[in-house]
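Report on the following structure.
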Ligand code: SF4
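In my numbering, the protein residues as written are 6 to 101.
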């Protein structure tokens, strides 16, 4: 039996992403590694885009960003450089 996506997953799945060549979110890895103790970004991103790599450093899969800005607001250590994608790039919300 195949698993049906939930309503939120189905709505998010209808979005379209037009990717720019440069990321619009850049993590200051040194600050993240040496100063941050809470790693709130792992919990707050509604698209679950933050994770740690094999070295324990934070990474973000910016390609799926919903542009909500939550991670930027929640990063107490100001370890993110966050800008909206250039015009014409980023998420396009679709009704489903
Ligand atoms: Fe996730 Fe929102 Fe930050 Fe994008 S802006 S990475 S969707 S928390």
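Backbone N, C-alpha and C fix where the C-beta goes; we use that ideal spot for every residue, glycine too.
Query	Result
Residue 96, DSSP secondary structure in three states	strand
Contact set for residue 50: own chain, Cβ-Cβ below 6 Å, skip 5 residues either direction	76
Same chain, Cβ closer than 6 Å to residue 94, neighbours up to 5 away in sequence not counted	23 and 25
Cβ contact (3+ pairs, closer than 8 Å) linking the segment 28–40 and the segment 10–20	no
Near the ligand SF4: residue 49 beta-carbon under 7 Å from a heavy atom	yes
Backbone secondary structure at residue 56 - three-state DSSP	strand
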